[in-house]
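Worksheet for the structure shown next.
Protein chains: 2
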Amino acid sequence: MFSIEDTPLVRKLGAFVSLSEAELRVLETLHKRRRRFIAGPELVHQGQSDQAAYILASGWACSFKMLKDGGRQIVDFQIPGDFLGLRSVLLHISDHGIEPITDMEVTEVSAADLLVAFERHPRLATAILWAASRDEAMVVEHLVDIGRRHAAERMAHFLLELGARLNLVGMGIKTGYACPLTQTHLADALGLTAIHVNRILRQLRERGLVTFQSGIVTFDSYNEMVDFAEFNPAYLNQGGPLLR
Amino acid sequence: MFSIEDTPLVRKLGAFVSLSEAELRVLETLHKRRRRFIAGPELVHQGQSDQAAYILASGWACSFKMLKDGGRQIVDFQIPGDFLGLRSVLLHISDHGIEPITDMEVTEVSAADLLVAFERHPRLATAILWAASRDEAMVVEHLVDIGRRHAAERMAHFLLELGARLNLVGMGIKTGYACPLTQTHLADALGLTAIHVNRILRQLRERGLVTFQSGIVTFDSYNEMVDFAEFNPAYLNQGGPLLR
DNA sequence: CGCCTAGTTGAGGTAAGTCAATTCACGTGG
DNA sequence: CCACGTGAATTGACTTACCTCAACTAGGCG
């Protein structure tokens with residue numbers, strides 16, 4: 047497969063559909079503005095609907111929901127190549143917030159452009175549908191994590207999934223990866239408290255499974271981890287393009 | 047909006063996109079076979095990939111994931127008009143099981159036909175993308191439920207969401223609805239044990255919020271329920287078609 | 001009648017939460 | 001250079017929401 051450009055979006059959609067020259071050119075025009083955000087303050091506020099989605103070019107982000115009592119549930123983390131706020135744009139509701147975890151760079155994709163592109167190039171719609179389905183599969187796996195796994199398995203599964211995703215975009219190796227998340231991020235994602243996250247991480251480290259210290263995740267015993275967490279990455283990567 | 051037929055699929059997609067005559071005709075041809083399943087034994091086994099998705103015409107089903115230790119996480123429930131196994135078909139993986147909760151009737155939609163329809167009628171792809179996004183929004187809300195709400199709020203939120211969904215397809219009224227789920231179903235969906243579900247239901251009943259007995263859910267105090275569960279149905283229904 | 005499944009209730013255990021104190025890393029300004 | 005402040009990580013003591021085990025009831029159906 048050859049590509050006239052190698053943007054995160056092209057790489058992502060190319061995994062699902064073999065893109066033609068014409069389709070690649072359309073994708074090129076979709077990348078309107080390039081924007082930067084600094085870590086920390088939230089980018090999109092809950093309830094505020096937005097007319098554009100983003101594709102993450104560099105950095106990490108997370109999308110979350112807040113509750114009245116101050117609790118926060120992180121729905122998922124975005125790494126380079128992932129969509130930000132696609133669902134919000136499609137459904138015209140932004141019912142979640144987005145936080146840049148690190149400084150990050152995004153390219154903006156307007157909702158209107160996307161819909162026009164769909165009309166002219168149906169395969170792009172199919173590709174996006176696939177990408178959205180993969181995202182949903184991750185949320186589903188996340189749901190199983192929180193609903194039916196104990197804290198340690200939950201953490202192990204989460205760290206493995208993140209590693210596998212980073213691998214797919216060339217940001218990790220089998221033995222570990224750099225990870226800018228705080229224990230509070232982990233807690234809000236896994237439905238735990240930061241304190242308990244700390245204890246669980248120590249437990250996993252002492253068991254010789256995985257070490258997460260000073261921003262580095264190291265798999266001390268990858269195979270045992272996979273076994274312990276019942277991790278099956280089938281939902282993350284399908285071999286080649288599903289549509290030729 | 048007029049329709050040459052009023053199937054669950056047409057009703058569902060019509061909520062997102064105003065369908066043309068030509069598009070309606072294509073949808074008609076998509077409904078291949080009509081099949082029936084009886085309650086109980088599971089329909090699609092975990093790991094077994096299938097070449098067709100279904101649209102539920104009547105009855106209830108649920109999709110779930112099993113864990114090695116025998117635990118089960120129900121991901122969502124399907125009521126008439128909902129897709130069954132769409133994600134599996136798109137991603138060519140069936141990583142979850144499906145259980146008919148009641149006897150049910152479905153219409154089959156083959157993966158190949160769907161992809162062809164997308165090529166010829168891009169708006170259909172857009173419509174399905176929207177429907178899939180709505181499903182994802184429900185899973186996200188489910189995630190928040192399990193991750194950050196206590197058992198009672200979780201249950202209240204779940205019963206309200208289900209009520210709102212049934213309302214949309216004309217199967218419930220504001221004061222309650224018929225519900226064939228067992229306490230075990232509720233437990234597996236909400237990440238609890240059946241025993242605890244029982245206690246929580248009693249608690250909600252004694253607080254005068256909601257009564258779930260012998261297959262009937264009755265909202266004893268709808269507004270207080272909504273407040274108690276922080277229920278906001280914005281993600282379920284968007285006013286009219288998003289694409290004209 | 002007897003069996004089976006779903007629901008109900010009690011007693012006691014445990015995973016995870018809460019509250020509180022301490023340490024550590026890192027910037028920033030005096 | 002050092003004092004200081006701030007946010008993250010760490011650890012301990014105690015509480016609690018939910019689980020486990022176990023017994024019992026109620027309804028449906030051959």
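Chains A and B, in that order, give the protein sequences. Quick note on numbering: my numbering labels position 189 of the first sequence as 235, and the sequence is numbered without any gaps. Quick note on numbering: my numbering labels position 23 of the second sequence as 69, and the sequence is numbered without any gaps. Every residue, glycine too, gets a C-beta built ideally from N, C-alpha and C. Quick caveat, the model's predicted, so the values are computed rather than measured.
Asked                                                                                                                                                                 : Found
Rounded to a whole number of angstroms, what is the C-alpha to C-alpha distance between B:G222 and B:T264?                                                            : 4 Å
What do you get for A:R133, buried or exposed, if any count of 16 or more other CB atoms within 10 angstroms of its CB means buried?                                  : buried
Residues of chain B with a CB under 7 Å from the CB of A:F164: which are they?                                                                                        : P168, A171 and T172
Taking only beta-carbon positions, decide if B:E270 is within less than 8 Å of chain A.                                                                               : no
So which of B:G237, B:G254, B:L136 and B:I246 has the shortest CA-CA distance to B:L99?                                                                               : The displayed chain sequence assigns Ala, not Leu, to residue 99 of chain B. Closest option to B:A99, Cα to Cα, is B:L136.
Below 7 Å CB to CB, which residues in the same chain sit around B:I120 once its five sequence neighbours on both sides are set aside?                                 : C108, F110, H231, D234 and A235
By alpha-carbon positions, which one of B:L76, B:V272 and B:P146 ends up nearest to B:A85?                                                                            : B:P146
In angstroms, rounded to a whole number, what distance separates the CA positions of B:D181 and A:E151?                                                               : 29 Å
Measuring CB to CB, does B:A177 end up less than 8 Å from B:F277?                                                                                                     : no
Looking at the structure shown, is A:P279 part of a helix, part of a strand, or coil, going by DSSP?                                                                  : helix
Name the two residues that bound the continuous beta strand (DSSP E) containing B:L238.                                                                               : First-last for B:L238: undefined, no H or E at that position.
For the candidate residues A:I101, A:M271, A:E74 and A:L65, whose alpha-carbon lies nearest to that of A:R81?                                                         : A:I101
Considering only DSSP beta bridges, list what B:T153 is partnered with.                                                                                               : B:R80 and B:I101
Is A:K58 close to chain B, meaning its C-beta is less than 8 Å from at least one C-beta of that chain?                                                                : no
Is there a Cβ of chain B sitting closer than 8 Å to that of A:V190, yes or no?                                                                                        : yes
Just the C-alpha distance for A:L255 and A:Q124, rounded to the nearest angstrom, thanks.                                                                             : 25 Å
Strictly under 8 Å for the Cβ-Cβ distance: is A:V63 near chain B by that measure?                                                                                     : no
State the start and end residues of the unbroken alpha helix (DSSP H) segment that holds A:I192.                                                                      : P168 to R194
Straight-line CA distance for A:A103 to A:G116?                                                                                                                       : 31 Å
Between the alpha carbons of B:D141 and B:V190, how many angstroms are there, rounded?                                                                                : 22 Å
Excluding sequence positions up to five away, which residues of its chain have a Cβ less than 6 Å from the Cβ of A:M47?                                               : For A:M47, the predicted structure reports a pLDDT of 44, less than 50, and the residue's modelled location is therefore unreliable. The matter cannot be settled from this model.
Can you tell me where the alpha helix (DSSP H) holding A:P54 begins and where it ends?                                                                                : P54 to G60
Give me the chain B residues within the contact set of A:L289, using Cβ-Cβ distance strictly less than 8 Å, ordered along the chain.                                  : L161
In chain B, which residues lie less than 7 Å from A:V186 when you measure between Cβ atoms?                                                                           : V121 and V185
Could you say which of A:H196, A:H138, A:D128 and A:A240 lies nearest to A:L214 if we only look at CA atoms?                                                          : A:D128
Go ahead and pull the three-state DSSP assignment for A:L73.                                                                                                          : helix
Which residues in the same chain as B:A210 place their Cβ atom closer than 6 Å to its Cβ, once the five residues preceding and following it in sequence are excluded? : P279 and L282
Just curious, the beta strand (DSSP E) that B:R118 is in, first and last residue?                                                                                     : R118 to Q124
What in chain B is Cβ-close to A:D141, meaning under 9 Å?                                                                                                             : A183, V186, E187, N278, A280 and Y281
Where B:T75 and B:H188 are concerned, what is the direct C-alpha to C-alpha distance, given to the nearest angstrom?                                                  : 34 Å
Return the bridge partner residues of A:L289 from the DSSP annotation.                                                                                                : A:V63
In this structure, how does DSSP classify B:Q284 when only helix, strand and coil are distinguished?                                                                  : coil
Could you check the C-alpha separation between A:R71 and B:T172 for me, to the nearest Å?                                                                             : 20 Å
Measure the alpha-carbon distance for A:P54 versus A:I174 and round it to whole angstroms.                                                                            : 13 Å
With respect to the alpha helix (DSSP H) encompassing A:G209, which residues constitute its N-terminal and C-terminal limits?                                         : A197 to L214
Let me confirm a value: A:P310 is counted as buried when at least 16 other C-beta atoms fall within 10 Å, else exposed. Which label applies?                          : Within the shown structure, residues of chain A are numbered from 47 to 290, placing residue 310 of chain A beyond reach of any answer.
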